[in-house]
Amino acid sequence: MANESANEREAGGGRRWSSGRWTTVAIVAVVLGCALTTLDFLWAFLRAPMVSGANLSDGQAAIINGTVVSTRLLFSQKIFYFHVPVAIVSFCFIIAAAVYAVMFLARRRESYDLRSRLCMLVGLVFIVATMISGDLWTRHDWGVWWVWEPRLTTYFILMLLVIAYFILRAAVEDPETQARFAAVFAIVAAIDAPISFFITRLVPSSIHPVVIRTDSGLPPDMLVPFLAGIFGMALVGFGFFRLRLTLEEQAMEVESLKRSYEELLD
Amino acid sequence: MGKGDSKPEGTLADTASGARDAGAGSPAASPRRASAWAQYRALLAKDLRIEARTREMVVSMGVYAVLVLTVYGATLSQTGDALDVLNVASGLLWAMVVFTSLLGLNRSFSHERADGCMEGVLLAPVSRSAMFFAKATSNFLFMLVVEVIAVPLFFLFFLAGAQVGPSAWLIVPPLLLGTVGMAGIGTFMATITMDTRGKDVLLAILLIPVIFPLLYACVSSTSIALLDVVGQMGTYLRSLALAGGYDVIMLAAAWGLYEFVVGS
Numbered sequence: 016m017a018n019e020s021a022n023e024r025e026a027g028g029g030r031r032w033s034s035g036r037w038t039t040v041a042i043v044a045v046v047l048g049c050a051l052t053t054l055d056f057l058w059a060f061l062r063a064p065m066v067s068g069a070n071l072s073d074g075q076a077a078i079i080n081g082t083v084v085s086t087r088l089l090f091s092q093k094i095f096y097f098h099v100p101v102a103i104v105s106f107c108f109i110i111a112a113a114v115y116a117v118m119f120l121a122r123r124r125e126s127y128d129l130r131s132r133l134c135m136l137v138g139l140v141f142i143v144a145t146m147i148s149g150d151l152w153t154r155h156d157w158g159v160w161w162v163w164e165p166r167l168t169t170y171f172i173l174m175l176l177v178i179a180y181f182i183l184r185a186a187v188e189d190p191e192t193q194a195r196f197a198a199v200f201a202i203v204a205a206i207d208a209p210i211s212f213f214i215t216r217l218v219p220s221s222i223h224p225v226v227i228r229t230d231s232g233l234p235p236d237m238l239v240p241f242l243a244g245i246f247g248m249a250l251v252g253f254g255f256f257r258l259r260l261t262l263e264e265q266a267m268e269v270e271s272l273k274r275s276y277e278e279l280l281d
Numbered sequence: 344m345g346k347g348d349s350k351p352e353g354t355l356a357d358t359a360s361g362a363r364d365a366g367a368g369s370p371a372a373s374p375r376r377a378s379a380w381a382q383y384r385a386l387l388a389k390d391l392r393i394e395a396r397t398r399e400m401v402v403s404m405g406v407y408a409v410l411v412l413t414v415y416g417a418t419l420s421q422t423g424d425a426l427d428v429l430n431v432a433s434g435l436l437w438a439m440v441v442f443t444s445l446l447g448l449n450r451s452f453s454h455e456r457a458d459g460c461m462e463g464v465l466l467a468p469v470s471r472s473a474m475f476f477a478k479a480t481s482n483f484l485f486m487l488v489v490e491v492i493a494v495p496l497f498f499l500f501f502l503a504g505a506q507v508g509p510s511a512w513l514i515v516p517p518l519l520l521g522t523v524g525m526a527g528i529g530t531f532m533a534t535i536t537m538d539t540r541g542k543d544v545l546l547a548i549l550l551i552p553v554i555f556p557l558l559y560a561c562v563s564s565t566s567i568a569l570l571d572v573v574g575q576m577g578t579y580l581r582s583l584a585l586a587g588g589y590d591v592i593m594l595a596a597a598w599g600l601y602e603f604v605v606g607s
C-alpha cells in the first residue's frame with residue numbers, strides 16, 4: 016500500500032511537469048482556434064459571395080411545409096460557415112470518445128475513461144451549438160422550426176444518446192462499474208455518428224446537401240473560411256478538452272495526496 | 344404446482360440441473376463443461392420454466408398492451424370521420440409494441456436480481472454469449488406471444504371498418520425484425536440498467552434513442568403493408584433491409600460488448 020502510494024506520488028510528479036506543458040499547449044490551441052474562427056466569421060460575412068439556397072440534388076426548388084425553398088440569394092447561408100464546421104467537430108469528438116472507450120475496455124485504465132467522458136462532454140457542447148445554429152437556419156430557410164428529415168433526426172438521436180450517456184453515469188454509484196457501462200454505451204452511441212454523417216449519401220431525398228466531397232467545387236472564397244472554421248473549432252474543442260483534462264487530473268492528484276497525508280497521520 | 348414452491352430456490356437449482364442434463368446429453372461436450380449451445384438451451388429452458396410457472400411477463404405485458412389500446416380508444420374517440428386511422432395505424436401499433444417491450448424488458452431481470460440468480464449463473468463457467476442470446480431469445484419469445492394477442496386486438500378495435508389493403512399480412516416481417524432488434528438491444532440495455540438507480544426510466548432513456556433507426560424503418564414498412572404495397576414494393580423492401588441491417592449491426596455490437604456489461 017505504501018509502495019503503491021509512493022508510485023502514485025511519483026506519477027503525480029511526472030504529471031505535474033507535463034500538465035504545465037499541456038496547459039500551455041491547450042491555451043495556445045484555444046487562442047489560435049479563436050483566431051481562426053474569427054477569421055472564418057469575418058471572411059464569411061465580408062468576402063464570401065452570397066449563394067443561392069440549398070443545393071438540391073435535382074436542381075429544382077422544393078416545397079417544405081408550404082414554403083418554397085427557392086434559389087434566391089440567401090444571406091442566411093452565412094450560417095453554413097459556423098453550422099457545418101461545428102457539426103463536423105462534434106462528430107470527431109463523439110468518435111474520439113468511442114475510441115477512448117475501446118481503449119478503456121482493453122486496458123482498464125482510469126485515464127482512458129476520463130478522456131472518454133471529457134470527449135463526450137466537449138462533444139455535447141458542440142452538438143448543442145450545432146442544434147441551435149441548425150434550428151435557426153431551418154426556421155429561416157425552410158420556414159419551420161423542426162422537420163423530421165433524416166439528417167436532423169439522426170443528429171437529434173445523437174444528442175439524446177450523449178445526454179443518456181451522462182444520465183447513465185449519474186445513475187451508477189460504483190466508479191469501476193460506471194466507467195465500464197459508460198464505455199460500452201459510448202461505443203453503442205458512436206454507431207449513430209457515422210450513420211448521421213453518411214445519411215445524406217444513403218438517403219438521396221435528404222434536404223441536406225453532401226458537403227464533404229472531393230468534387231465539392233466550393234470556390235476558394237468559400238472554402239478558406241470553411242476550412243478555417245473547421246480547424247479553428249477543432250482547436251478550440253481540443254483546447255477545452257485538454258484544459259479540463261488537466262483540471263481533472265490535478266483534482267485526482269489532490270485526492271491521492273490527501274489520502275497519503277491521512278495515511279501518514281495514521 | 345403453486346406459485347409458492349417455484350421461487351426463489353427454483354431458479355438456481357433449475358439452471359444447474361439443466362446445464363448438467365444438457366452437458367450429459369451431448370456426447371461432444373466434456374463432462375466438466377457444457378458446450379455453449381447446451382448452456383444456451385439450459386439458460387433458455389430456465390427462463391421459459393420460470394415463465395411457465397409464474398406467467399408474470401406475458402400477463403403483465405399483455406395487460407399493459409390492452410391498456411395502451413384503451414388509451415388509444417380515448418385519444419381517438421373525438422376524431423370522428425375526420426381521421427383515417429389507417430394512415431396512423433402503423434405508428435400507433437409500434438408505439439404499443441415499444442412501450443409494452445420496455446415494460447417486459449424491465450421485468451425480465453427482476454428474478455435474476457431478486458433471487459441472486461445472476462450471481463449463480465456468473466459463478467458457473469457459462470459463456471457470456473450463451474447468457475446474452477438465451478435472455479434475448481426468451482424476451483423475444485415473450486414479446487412475440489404478446490404481439491400475437493395484441494396485434495389482432497388492435498385490428499379489431501381500430502381497423503375493423505377501415506379499408507385495409509390486401510397486403511396487410513406483410514406487416515409480419517417488420518414485426519419480426521423489429522421484435523428481434525428490440526429484444527436483442529433491449530436485453531443488452533436492461534443488463535446495464537439492472538443495477539442502476541431509477542432503472543425503469545433509465546432503460547427507456549438508453550433504449551429509445553438506440554432503437555430509433557430500427558423503429559423508423561419498421562414503421563415505414565408496416566405503413567406500406569397496411570395501406571397498399573402495390574408500387575411501393577421497393578421502399579418496403581428497402582425499409583426491411585434497413586431494419587435487418589440495423590438488427591445485425593446492433594446484435595453484433597451487443598454480443599461483442601456483453602462480457603463487459605456483466606463484469607468479470
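Protein chains in written order, with the numbering used here: chain A, 16 to 281; chain B, 344 to 607.
We put the beta carbon where it would ideally sit given N, CA and C, even for glycine.
Just so you know, these numbers come straight off a predicted model, no measurement behind them.
CA-CA distance, threonine 145 of chain A to alanine 208 of chain A, rounds to 14 Å. Approximately 7 Å separates the beta-carbon atoms of leucine 260 of chain A and arginine 130 of chain A; this is inside 8 Å, confirming the contact.
Short of 6 Å from the beta carbon of valine 104 of chain A, and not among the five residues preceding or following it, lie these beta carbons of its own chain, in chain order: Phe141, Met248, Ala249, Gly252. Taking the beta carbon of isoleucine 182 of chain A as reference, the chain B residues within 7 Å of it are Leu545, Ile548, listed in sequence order. For the segment 497-519 of chain B, the set of residues with a beta-carbon nearer than 8 Å to any beta-carbon of chain A is empty.
If you look at phenylalanine 452 of chain B, you'll find it isn't in any alpha helix (DSSP H); DSSP assigns it neither H nor E. Under the DSSP assignment, glutamine 575 of chain B falls outside any alpha helix (DSSP H); it carries neither an H nor an E label. For the options B/Asn449, B/Glu399, B/Tyr601, B/Leu419, the alpha carbon positioned closest to that of phenylalanine 500 of chain B is the one of B/Leu419. In the three-state reduction of the DSSP assignment, isoleucine 214 of chain A falls in the helix class, which pools H, G and I.
For the C-beta of alanine 186 of chain A, the chain B residues within less than 7 Å are, from N- to C-terminus, Thr539, Arg540, Gly541, Leu545. For valine 411 of chain B, the enclosing alpha helix (DSSP H) begins and ends at 399-418. Contact note: phenylalanine 442 of chain B does not reach chain A at a C-beta cutoff of 9 Å; the least C-beta distance is about 17 Å.
Here the C-alpha atom of threonine 578 of chain B lies approximately 8 Å from the C-alpha atom of serine 564 of chain B. For isoleucine 109 of chain A, no CB of chain B lies under 7 Å from its own CB, so it is not counted at the interface with that chain. By the rule that beta-carbons nearer than 7 Å mark a contact, valine 203 of chain A touches chain B. The three-state reading of DSSP puts alanine 425 of chain B in coil, since its state is none of H, G, I, E or B.
Residue contact check for leucine 129 of chain A against chain B: no CB pair falls below 7 Å.
Proximity of chain B to isoleucine 206 of chain A at the Cβ level (cut-off 8 Å) is accounted for by Ile592, Met593, Ala596, in chain order. One finds Glu191, Thr192, Arg195 in chain A with Cβ atoms closer than 9 Å to the Cβ of glycine 606 of chain B, taken in chain order. Taking the Cβ atoms as the reference, aspartate 128 of chain A lies roughly 7 Å from alanine 198 of chain A, within the contact range of under 8 Å.
Here DSSP, grouped into helix, strand and coil, assigns alanine 596 of chain B to helix.
Judged by DSSP in its simplified three-state form, valine 604 of chain B adopts helix. For serine 582 of chain B, the CB contacts under 8 Å within the same chain, skipping 5 residues up- and downstream, are Pro517, Ala560, Cys561, Ser563, Ser564, Ile567 in chain order.
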